[in-house]
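Numbering (this note's numbering), first residue to last: 12 to 445.
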């Protein structure tokens, strides 16, 4: 795609849609580019320290980045060669810390940066998860979003003592029921009546009683509403069940593909479903995975990419793809095209299997399920605009190869180019606190 476009010439040809950028990270080594921990420029092994997250948040705030979007998983990747040892040895999203913990601290050093945290309906009952996210939303001043996942890894089910996986579509049916309760607290429940020694009017907090197929609950919620009251909802997945769920509940969709041609009909379907439900289809923001390797010139970027490839773990990448798809790639030659027919389990990310997937070791080792764009700011910006036009995506979850270096390049040289084109906020959103 990029070779057919003269850099910077797409500016006048596209509708000027303002895009948002989320910094896509994970509380683990490497995230979508395994092996880079060997690179002296990469600091992902320091994520167990708060200063990593504090410094990153300040950087993102200065660049006007929309949010720090944190993926998470409670399962482990043991599909490749049928062994978890491969995942552990290659640090393929292992080890993993709790992504919720740093966010109250990072909120303290920022004013406008939002935080999207991944949480599974499998591992926390509704009231407990609501308490955790409501606490985060209080601590961040209303800047916390929830990326809801339904959990599919066999290892995740085993970790909580469940031997039988839940079928794909049923997981979304459970998630739909999970979402059905809101409004325990009235807005005026806190009265602060010093004369009556009454902090809260208990009659203003109703008991939620629910008896359903999957959940039976009776309780008043323990925590008062936040500035948002309900979280901003992200949802990942474009299977039929996932699309139906997204069209019903989500404010934003996280989508991934190496091809805008593949992604376009999936996004169109979600918007169509949303419209049928009486929602504004344009009101659902679609964020696509995108990993840039930036230099001031194309040649400089290519040199950087060649160096990055020398550290990449191709086996680590195949471990991740095997885990996501349920297909043991060790059984296939490089560049084998995998499809749903190769899968042996139904509990994987079905939307990754509803299309042919080229799983070359090089592609698997950098950028995960989304495209990698190597080039100057003009070239990378052209590719972003191409995806907006061809796939109807709105915005991007921008991943890194090395951190914080990849994010620094986005802030320092890509954001100014996007602002020059008028597709990114011209006014800096705010300065990070000293």
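Beta carbons are placed, not taken as given, at the ideal position from N, Cα and C, and that holds for glycine.
**Study point:** Reference residue 226, options 217, 187, 200 and 205, closest by Cα
**Key:** Nearest of 217, 187, 200 and 205 to residue 226, Cα basis: 187.
Exercise for review: Look at residue 103 and residue 327 and say whether their C-beta atoms are less than 9 angstroms apart.
Suggested key: A contact, by the Cβ cut-off of 9 angstroms.
Review point. If you drop the 5 nearest sequence neighbours on each side, which residues of the same chain put their C-beta closer than 7 angstroms to that of residue 237?
Key: Excluding sequence positions up to five before and after residue 237, its CB lies within less than 7 angstroms of the CB of 145, 148, 149 and 153, all in the same chain and listed in chain order.
Check your understanding: Relative to the C-alpha of residue 336, which residue among 37, 87, 414 and 113 is closest?
Key -> The shortest C-alpha separation from residue 336 is found at 87.
Review point. In its own chain, which residues sit with a C-beta less than 6 angstroms from the C-beta of residue 131, not counting the 5 before and 5 after it?
Key: Hits under 6 angstroms: 160 and 162.
Review point. Starting from residue 36 and walking both ways along the beta strand (DSSP E), at which residues does that stretch end?
Key: Counting along the chain, the beta strand (DSSP E) containing residue 36 begins and ends at 32-37.
Practice item. In the DSSP assignment, find the unbroken alpha helix (DSSP H) run with residue 259 in it and report its ends. Key: First-last of the alpha helix (DSSP H) with residue 259: 251-260.
Point to revise | Per-residue DSSP class, three states only, for residue 105 | key: The three-state secondary structure of residue 105, taken from DSSP, is coil.
Exercise for review: For residue 381, name the three-state secondary structure that DSSP assigns.
Suggested key: Note: residue 381 maps to coil in three-state DSSP.
Check your understanding: Which residues in the same chain as residue 40 place their Cβ atom closer than 8 angstroms to its Cβ, once the five residues preceding and following it in sequence are excluded?
Key -> For residue 40, same chain residues with a beta-carbon under 8 angstroms away, outside a window of 5 residues either side, are 48, 55, 56, 58, 102, 104, 105 and 106 in chain order.
Point to revise | Buried versus exposed, by CB contacts within 10 Å (16 or more), residue 51 | key: Classification of residue 51: exposed, given that the 10 Å Cβ count is below 16.
Review point. Considering residue 146, what are the terminal residues of the alpha helix (DSSP H) in which it resides?
Key: Where residue 146 is concerned, the enclosing alpha helix (DSSP H) stretches over 137-150.
Exercise for review: Determine the burial state of residue 272: buried for a count of at least 16 other Cβ atoms within 10 Å of its Cβ, exposed for fewer.
Suggested key: That one is exposed.
Check your understanding: Are the beta-carbon atoms belonging to residue 200 and residue 158 less than 9 angstroms from one another?
Key -> No.
Exercise for review: Rounded to whole angstroms, what's the CA-CA distance from residue 358 to residue 431? Just pull it up for me.
Suggested key: Reliability of the predicted coordinates at residue 358 is poor, the pLDDT of 47 falling under 50, and the value obtained from them is presented with this limitation in mind. Spanning the two alpha carbons is a distance of roughly 44 angstroms.
Point to revise | Reduced DSSP secondary structure (H/G/I, E/B, other) of residue 303 | key: The answer is strand: DSSP assigns residue 303 an E or B state.
Point to revise | Same chain, Cβ closer than 7 angstroms to residue 330, five either side skipped, listed in chain order | key: For residue 330, same chain residues with a beta-carbon under 7 angstroms away, outside a window of 5 residues either side, are 88, 91, 97, 98, 101 and 103 in chain order.
Exercise for review: Return helix, strand or coil for residue 156, following the three-state DSSP convention.
Suggested key: In the structure shown, residue 156 sits in a strand (DSSP, three-state: E or B).
**Study point:** C-alpha gap between residue 367 and residue 321, whole angstroms
**Key:** Unreliable positioning characterises residue 367 in this predicted model, as indicated by a pLDDT of 49, which lies under 50. The coordinate reading is nonetheless provided below. CA-to-CA, the gap between residue 367 and residue 321 works out to about 27 angstroms.
Practice item. Could you check the C-alpha separation between residue 348 and residue 274 for me, to the nearest Å? Key: Straight-line Cα distance between these residues: approximately 18 angstroms.
**Study point:** Nearest-angstrom Cβ-Cβ length linking residue 324 and residue 376, presumed shorter than 8 angstroms
**Key:** A Cβ-Cβ distance of about 6 angstroms is found for the pair residue 324 and residue 376, placing them in contact under the 8 angstroms criterion.
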